[in-house]
Each structure stands twice: as structure tokens, then as C-alpha cells.
Amino acid sequence: MQVGICDGYIISFRQTEELTVDGKDYEDMLEMEGLLAKGDTMKPFLTSRNYEAYMANRYIVLPLQVAHIEQAKLHPENIQTKIKDNKSDWILVEYTLDLKFTDENDREFKSIPLSGDITFLQDQGEWRIQDDTYNMKPFTEIINNSL
Numbered sequence: 002m003q004v005g006i007c008d009g010y011i012i013s014f015r016q017t018e019e020l021t022v023d024g025k026d027y028e029d030m031l032e033m034e035g036l037l038a039k040g041d042t043m044k045p046f047l048t049s050r051n052y053e054a055y056m057a058n059r060y061i062v063l064p065l066q067v068a069h070i071e072q073a074k075l076h077p078e079n080i081q082t083k084i085k086d087n088k089s090d091w092i093l094v095e096y097t098l099d100l101k102f103t104d105e106n107d108r109e110f111k112s113i114p115l116s117g118d119i120t121f122l123q124d125q126g127e128w129r130i131q132d133d134t135y136n137m138k139p140f141t142e143i144i145n146n147s148l
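When the count follows this note's numbering, it moves up by one through the sequence shown with no breaks and lands on 148 for the last residue.
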């Protein structure tokens with residue numbers, strides 16, 4: 002899968018895949034089989050090292066836990082990107098987005114801003130994500146306040 006980076010497509014698609022939770026069967030999604038399936042959707046965008054870290058660190062679980070706690074559907078909007086630095090085999094991209102929380106009738110009841118940096122590496126002729134660091138504090142606050 003070869004995609005362009007400068008237009009932000011891979012970031013938009015990746016963040017949409019990672020942060021979208023449609024509200025169906027939260028518990029099933031949080032089970033190992035559901036997590037592995039979600040991981041499989043992300044795998045084409047990640048270097049093998051980042052995929053292993055992504056699954057081992059359970060970053061995949063944060064949006065699912067938040068959706069479950071809030072009983073919400075999640076989806077990102079207003080994704081903005083800017084190239085911070087680049088060389089021939091890597092690119093550092095800064096991004097911002099608004100994570101929208103909607104109820105079962107698709108009415109928005111919350112929005113949180115997220116921002117981060119994604120590092121892309123050339124991997125077997127394709128651009129893949131080596132690292133994605135974003136502000137997880139809004140997620141952890143929701144999770145911690147539910148305990």
C-alpha cells in the first residue's frame with residue numbers, strides 16, 4: 002500500500018482507523034480477539050517494530066476503554082497536519098484533531114482536542130509509521146475518573 006504523506010492522507014486514515022469506535026459491543030472489542038482484529042487493521046501502516054510496541058503497550062485499548070466508559074461512539078474530525086522535519090528516509094509530522102463523542106443517535110456530547118507527532122520511515126519502499134506520540138492525558142483522565 003503506497004500512500005502520499007504530504008497531503009496528510011495516511012495520518013487521516015490511520016487516526017480515523019485508530020480513534021473511531023462505533024459503539025458496538027465494547028466488551029467484545031476489549032477481548033483479545035477483538036484487540037487482535039483492531040491491530041490487524043493498523044498493521045499495514047506501522048513498521049514491524051512499532052506494531053509490536055503498539056500491541057504490547059496496549060495503546061489500542063485507550064480509545065476503546067474511553068468509548069466504553071462514556072457509552073459513546075468516537076470519531077476524529079478536523080485533522081490538521083504539518084511537516085516538522087524530514088530527510089530522505091524519514092518524515093516527522095505534527096498533527097492536531099478533535100475527537101468527537103456522539104450518542105447512539107449520533108448527537109455530539111463531547112469533544113476533546115488531541116495533538117501529536119508521527120514519525121514515518123521508508124520501509125520496504127513504503128512509508129510506514131515508526132512512532133506516534135500524542136497527548137493521552139484526556140484519555141487517562143476519563144479512565145481514572147471512572148474508577
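A virtual CB, placed ideally from N, CA and C, is assigned to each residue, including glycine. Note that the structure is a prediction, hence the values are computed from the model and not measured.
I'd like the list of long-range same chain contacts for residue i, defined as Cβ closer than 8 Å, with 5 residues on each side in sequence excluded.
i	result
Gln91	The sequence given here places Trp at residue 91; Gln does not occur at that position. Cβ within range, chain order: Thr120, Phe121, Leu122, Gln123, Gln131.
Asp104	Gln72, Ala73, Lys74, Phe110
Thr48	Leu122, Asp124, Arg129, Ile130, Gln131
Asp99	Pro77, Glu78, Asn79, Ser112, Ile113, Pro114, Leu115
In chain order, what residues of the same chain lie with their CB nearer than 6 Å to the CB of residue i, ignoring the 5 residues before and after it?
i	result
Met2	Below a pLDDT of 50, predicted positions are generally treated as unreliable, and Met2, at 31, falls in that range; the measurement from the model is reported next regardless. Contacts found: Pro45.
Gln81	Thr97
Lys101	His76, Glu78, Glu109, Ser112
Val67	Phe140, Ile143
Cys7	Interpretation of Cys7 is limited by its pLDDT of 42, a score under 50 that renders its predicted location unreliable; no figure is taken from the coordinates.
Lys83	Glu95
Given that a residue counts as buried once 16 or more other Cβ atoms are within 10 Å of its Cβ, and exposed if not, what is residue i?
i	result
Arg129	buried
Asn51	buried
Asp133	buried
Leu63	buried
Leu65	buried
With distance defined between alpha-carbon atoms, name the residue in the options nearest to residue i.
i	options	result
His76	Asp107, Asn51, Asp118	Asp107
Asn87	His69, Asp118, Ile70, Pro64	Asp118
Lys138	Thr42, Leu115, Asp41	Leu115
Glu127	Ser89, Gly40, Asp41, Ala38	Ser89
Asn145	Glu34, Leu93, Ile70	Ile70
- Item | Whole runs of the beta strand (DSSP E) within the segment 59 to 111, excluding any shorter than 3 residues | 74 to 87, 91 to 103
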